[in-house]
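Novice: Letter by letter, the sequence shown follows residues 1 to 97 of UniProt numbering.
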Amino acid sequence: MKNKSLLIEALTHKSANHEYNNEKLEFLGDRVIGLVLSNKLFDIYPKETEGVLDKRFAKLVNRKTCASIGWSIGIKDFIIMGDTKKSINRKDEKILS
1 MKNKSLLIEA
11 LTHKSANHEY
21 NNEKLEFLGD
31 RVIGLVLSNK
41 LFDIYPKETE
51 GVLDKRFAKL
61 VNRKTCASIG
71 WSIGIKDFII
81 MGDTKKSINR
91 KDEKILS
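1) Residues bridged to I80 by DSSP?
2) Does the segment 25 to 40 come within contact of the segment 49 to 69, defined as at least 3 CB pairs closer than 8 Å?
3) Just to confirm, are N3 and T12 a CB contact at a threshold of 8 Å?
4) For the candidate residues S97, K24, R56, whose alpha-carbon lies nearest to that of L41?
5) For L7, does the count of other Cβ atoms within 10 angstroms reach 16, so buried, or fall short, so exposed?
6) Between which two residues does the alpha helix (DSSP H) harbouring D92 extend?
7) Would you call G70 buried or exposed, if buried means 16 or more other Cβ atoms sit within 10 Å of its Cβ?
8) What is the residue span of the alpha helix (DSSP H) that K47 lies within?
9) Consult DSSP for S72 and reduce its assignment to one of helix, strand or coil.
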């Protein structure tokens, strides 16, 4: 692994560390995912209108979908939380997504 500290930061919730946490990386990651998905949707549905593509995109990137994916891959076991929030359950969509 090239940058272990970046991985730790990506998995650190702000409740664990207010200075070094995943919020800035979350911002960047959202843009990267958006670009990749937009490009893929554009390729898969070349004849769809912008409105239809936008609806498909919104379904893919909404909090519920992303949280479901996060839960299914077990990301909750790796998120570093503060003392106030020790465990993550399926309803913690903001954290899981």
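Cβ atoms here follow ideal geometry from the backbone N, Cα and C, with glycine treated the same way.
Specialist: Taking the coordinates as given:
1) Within the sequence shown, residue 80 is the residue found at index 80, counting from 1. According to DSSP, which records beta bridges pairwise, I80 is partnered with T12.
2) yes
3) For this step, residue 3 is matched to residue 3 along the sequence shown. For this step, residue 12 is matched to residue 12 along the sequence shown. No. Outside cutoff.
4) For the purposes of this step, residue 41 is taken as the residue at position 41 of the sequence shown. Measuring from the Cα of L41, the nearest candidate turns out to be R56.
5) Reading the sequence shown from its first residue, position 7 is the one you call residue 7. The residue in question, L7, is exposed, as its Cβ has fewer than 16 Cβ neighbours within 10 Å.
6) In the sequence shown, counting from the first residue as 1, residue 92 sits at position 92. Neither: D92 is in no alpha helix (DSSP H) and is coded neither H nor E.
7) Locating residue 70 in the sequence shown gives position 70, where the first residue counts as 1. So G70 ends up on the buried side.
8) Locating residue 47 in the sequence shown gives position 47, where the first residue counts as 1. Element bounds for K47: n/a, residue is neither H nor E.
9) Taking the first residue of the sequence shown as position 1, residue 72 is located at position 72. Looking at S72 - three-state DSSP - the assignment turns out to be helix.
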